[in-house]
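> This is the structure I want to talk about, given as structure tokens.
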Amino acid sequence: MENTKRTEWDEEEEQAEVSIWKYIFRFTEMAVVKCAIELGIADTIESHGGGPMTLSELSSTLGCDPSPLSRVLRFLTHRGIFKEMPTTKGSPRYAQTRLSSRLLRKGEHSMAALILFESSPVMLAPWHRLSARVLAYETAPFEVVHGEDIWRYAAENPGHSRLINEAMACDARLVVPAMLQGCPEVFDGLSSLVDVGGGNGTTLQLLVKSCQWIRGINFDLPNVVSDAAEFPGIERVGGDMFASVPKADAAFLKNVLHDWGDNECIQILKKCRESIPEGKGKVIIVEAVIDQEAKISDKLTDAHTTTGKERTLEEWGLVLGKAGFRNLRCDGYGYKDQLC
Ligand SMILES: C[S@@+](CC[C@H](N)C(=O)[O-])C[C@H]1O[C@@H](n2cnc3c(N)ncnc32)[C@H](O)[C@@H]1O
Numbered sequence: 001m002e003n004t005k006r007t008e009w010d011e012e013e014e015q016a017e018v019s020i021w022k023y024i025f026r027f028t029e030m031a032v033v034k035c036a037i038e039l040g041i042a043d044t045i046e047s048h049g050g051g052p053m054t055l056s057e058l059s060s061t062l063g064c065d066p067s068p069l070s071r072v073l074r075f076l077t078h079r080g081i082f083k084e085m086p087t088t089k090g091s092p093r094y095a096q097t098r099l100s101s102r103l104l105r106k107g108e109h110s111m112a113a114l115i116l117f118e119s120s121p122v123m124l125a126p127w128h129r130l131s132a133r134v135l136a137y138e139t140a141p142f143e144v145v146h147g148e149d150i151w152r153y154a155a156e157n158p159g160h161s162r163l164i165n166e167a168m169a170c171d172a173r174l175v176v177p178a179m180l181q182g183c184p185e186v187f188d189g190l191s192s193l194v195d196v197g198g199g200n201g202t203t204l205q206l207l208v209k210s211c212q213w214i215r216g217i218n219f220d221l222p223n224v225v226s227d228a229a230e231f232p233g234i235e236r237v238g239g240d241m242f243a244s245v246p247k248a249d250a251a252f253l254k255n256v257l258h259d260w261g262d263n264e265c266i267q268i269l270k271k272c273r274e275s276i277p278e279g280k281g282k283v284i285i286v287e288a289v290i291d292q293e294a295k296i297s298d299k300l301t302d303a304h305t306t307t308g309k310e311r312t313l314e315e316w317g318l319v320l321g322k323a324g325f326r327n328l329r330c331d332g333y334g335y336k337d338q339l340c
């Protein structure tokens, strides 16, 4: 009699055959979502009164071929990005989901700029050099592909600089409210705060709006601050954080240190220490913390910068200790396991 009992090995084998297709075609998810943003599908449905639209209504409003559009919509509805509504006349109608209406539309909560940044040819090309970086640690993928590091490249390519700043602003609009809700006491008693590598100032705008007793200094490279909008209560200062950081009660670093190796982080943190009052100043860091065990907060950004890396709590502790910080406080405030 044939032995029909499935072994653990059979199940693993079957699962592997299914899983491999994810790795072959997952890139299409990013490409199709990017396409939906570029076409403006979510904004079009919204400006049609938010109600469902048929394929022909959508294709004529967008001025595109209904045939490829129908396949793009099928792909997106299968993934819950839009939804197909029941129809009596045989033609499907497409409606928003929370994801498309909140995150893909233009507006306060949009993540569109971050998707357009990560999916841009400039940012994707270095990923093809990841194995080269792993094999020869000195190889910096972004520099190999573009001839200079991301910040010099951005200074010479204002369009890319704007893409970076708008992408970071998306993250700020999600993270800062969560941070203010999760650990508001961090900002009590501060009369001034310098946002080191503050980008176009979105983080500080949200902070000073909510903590009006704080005078903000948005500190970044000269080409970045010159592009940041003016905002009451915020001074814009251009400079280099490796040379010096403007003085304030607290230095704030969000998504900056992960762009740098340990030695550079130590240099930046030492400059931050010099900028705050001895004994009572503080440095506030907002970064992802990789949880080695749980495998839930995984993130890899090695191809983006020359020496940057994501770190575990232990690795963050080492860097902070070497920069001379002893009195550490760590708050996970629930959004993407960031550390404040
Ligand atoms: C990943 S972005 C983070 C932006 C912002 N903190 C946020 O989270 O929205 C890193 C920032 O560091 C800035 N930066 C890079 N090198 C710098 C330097 N030497 N001095 C000051 N800022 C720098 C970049 O221009 C960029 O705005």
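Counting from 1, position 133 in the sequence shown corresponds to residue 133 in full-length UniProt numbering; the numbering is continuous, with no gaps. Using N, Cα and C, we set each Cβ at its ideal position, and we do this for glycine too.
Among K280, S275, A140, H258, which one has its Cα closest to the Cα of residue 387?
No answer is possible for residue 387: the residues shown for the chain start at 1 and end at 340.
> In terms of residue numbering, what span does the alpha helix (DSSP H) encompassing S131 cover?
130-135
> Can you tell me whether DSSP reads S244 as helix, strand or coil?
coil
> Ignore the nearest five residues each way along the sequence and tell me which others in Q267's own chain have a CB closer than 6 angstroms to its CB.
F242
> Rounded to the nearest angstrom, what separates residue 397 and V176 at their Cα positions?
Summary: the structure shown does not reach residue 397, with the chain confined to residues 1 through 340, and so no result is reported for it.
> With DSSP as the reference, identify every bridge partner of L253, one or two as the case may be.
Checking the DSSP bridge columns, you'll see L253 partnered with I285.
> Considering only the alpha carbon of each residue, which of E156, T139, P141, M168 lies closest to I115?
M168
> What three-state label does DSSP hand T203 in the structure shown?
helix
> Leaving out five residues before and five after E29 in sequence, what residues of the same chain have Cβ atoms less than 8 angstroms from its Cβ?
The answer, listed in chain order, is R79.
> Would A31 pass as a contact of L104 if the rule is Cβ separation under 8 angstroms?
no
> Residues with a Cβ closer than 6 angstroms to any heavy atom of ligand 1, in chain order?
W151, M168, D171, A172, G197, G198, G199, T203, D220, L221, V224, D240, M241, F242, K254, N255, V256, D259
> Please report the distance separating the alpha-carbon of A303 from that of D171.
19 angstroms
> Just grab the DSSP bridge partners of S192 for me.
R215
> Hey, out of R93, G233, F117, whose CA is closest to R50's CA?
For clarity, residue 50 is Gly in the given sequence; the question names Arg instead. Taking only the C-alpha atoms, the option nearest G50 is R93.
> Expressed to the nearest angstrom, what Euclidean distance is found between the alpha-carbon atoms of F231 and D220?
15 angstroms
> Just list the residues that DSSP pairs Y23 with in beta bridges.
Y23 is not bridged to any residue.
> Look up V237 in the DSSP assignment and give the residues it is bridged to.
F219
> So is W21 buried or exposed if we call it buried at 16+ other beta carbons inside 10 Å?
exposed
> Using 8 angstroms as the cut-off, can you tell me whether the segment 246-260 makes contact with the segment 282-291, which would need three or more C-beta pairs spanning the two stretches below that distance?
Counting Cβ pairs under 8 angstroms, three or more are found: they touch.
> As a quick exercise: from D240, K254, N223, C211, pick the residue whose alpha carbon is nearest that of I234.
Nearest C-alpha to I234 among D240, K254, N223, C211: C211.
> Give the secondary structure of T312 by DSSP, where H, G and I count as helix, E and B as strand, and everything else as coil.
Under the three-state reduction of DSSP, T312 is assigned to strand.
> Between the beta-carbon of R152 and the beta-carbon of D227, is there less than 8 angstroms?
Not a contact, by the Cβ cut-off of 8 angstroms.
> In terms of residues, what are the limits of the alpha helix (DSSP H) holding R162?
The continuous alpha helix (DSSP H) containing R162 extends over residues 158-182.
> Is it right to say D195 is buried, meaning 16 or more other beta carbons lie within 10 angstroms of its own, or is it exposed?
buried
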